[in-house]
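Engineer: Provided herewith is a single structure, encoded as structure tokens, for subsequent inquiry.
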Amino acid sequence: MKLRLWAPSLMMVLGLVLGAHALQQGRGRKYKPPPPTCKVTVTVLRSYNSKPLENASVIFHPVRDGKDQGNMELKTNEDGKVTLDMIPIGDVLRLQVLANGFQTFGKDYELPTDSKDIEVRMNRPQKQYSIYENHPGENSATPKPQDQKPPQ
């Protein structure tokens, strides 16, 4: 007798649940899998003795269609290495490396495959470049700003 009272209610609840589930399948976001990524390994070395540089800041800037997608900063380990595997294949990677007592390094890299090994050799600071000085390999026929006379 109790089964006769509960059976219609149970059938109604079951019908509502199945109906709601059927409606929900047609709605909502479609799942889009993430793109395949490139595993980038950066090794930071001192240029004068090729020893690893520990605790250097390596900043990754993924660039897609000419727009910076944000950045991620990681520190190198005792072997001077850092690895990141979150940048999609086909993007451009703008890499910056900063370390105390060394010149800042920056360069863009293409990521056409699923892995990329990058070696960065850090230099000691050098004299600042000046347009007012003669530099080897430049055309000396071009007048320097101090050689030009002001218009009268």
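Numbering of the sequence shown is given in my numbering, commencing with residue 1260 and proceeding in unit increments.
Glycine included, each C-beta is placed from N, C-alpha and C at the ideal position.
Determine the contact status of VAL1356 and VAL1276, defining contact as a CB-CB distance below 7 angstroms.
Structural biologist: Their beta carbons are not under 7 angstroms apart, which means VAL1356 does not touch VAL1276 by this criterion.
Engineer: Can you grab the Cα-Cα spacing for the pair PRO1294 / ASP1350, in whole Å?
Structural biologist: Rounded to the nearest angstrom, the two C-alpha atoms are 11 angstroms apart.
Engineer: May I have the straight-line CA-CA distance separating PRO1384 from PHE1364, to the nearest angstrom?
Structural biologist: Distance between the alpha carbons of PRO1384 and PHE1364 is about 11 angstroms.
Engineer: So, are the CB atoms of LEU1343 and VAL1272 less than 7 angstroms apart?
Structural biologist: No.
Engineer: Does the Cβ of LEU1370 have 16 or more other Cβ atoms within 10 Å, making it buried, or fewer, making it exposed?
Structural biologist: With 16 or more other Cβ atoms within 10 Å, it is buried.
Engineer: Quick check on this structure: which residue in ASN1330, CYS1297 and ALA1315 has the alpha carbon closest to the alpha carbon of ARG1380?
Structural biologist: The candidate whose alpha carbon is nearest that of ARG1380 is ALA1315.
Engineer: For GLY1325, count neighbouring C-beta atoms within 10 Å of its own C-beta (all shown protein chains included) and say buried if the count is 16 or more, exposed if not.
Structural biologist: So GLY1325 counts as exposed.
Engineer: Where does the unbroken beta strand (DSSP E) through GLU1369 begin, and where does it stop?
Structural biologist: Counting along the chain, the beta strand (DSSP E) containing GLU1369 begins and ends at 1364-1369.
Engineer: Here's the rule: buried if 16 or more other CB atoms are within 10 angstroms of the residue's CB, otherwise exposed. What is PRO1292?
Structural biologist: The residue in question, PRO1292, is exposed, as its Cβ has fewer than 16 Cβ neighbours within 10 Å.
Engineer: Quick one: what does DSSP say SER1445 is sitting in, helix, strand or coil?
Structural biologist: This structure leaves residue 1445 out entirely; the chain is present only between 1260 and 1411.
Engineer: Buried or exposed for PRO1321, going by 16 or more other Cβ atoms inside 10 Å?
Structural biologist: Looking at its Cβ environment, which holds 16 or more other Cβ atoms inside 10 Å, PRO1321 is buried.
Engineer: Please classify ILE1390: is it buried, with 16 or more other beta-carbons within 10 angstroms of its beta-carbon, or exposed?
Structural biologist: Exposed: under 16 other Cβ atoms inside 10 Å.
Engineer: Closest by CA to LEU1354, which one among PHE1361, ASP1327, GLY1360 and THR1372?
Structural biologist: Among PHE1361, ASP1327, GLY1360 and THR1372, the Cα nearest to that of LEU1354 belongs to ASP1327.
Engineer: DSSP three-state label for SER1316, please.
Structural biologist: Looking at SER1316 - three-state DSSP - the assignment turns out to be strand.
Engineer: Within the same chain, show all residues whose beta-carbon is closer than 8 angstroms to that of ILE1377, passing over the 5 residues directly before and after it, in chain order.
Structural biologist: So the list reads VAL1299, THR1300, VAL1301, THR1302, LEU1354 and TYR1368, once near-sequence residues are dropped.
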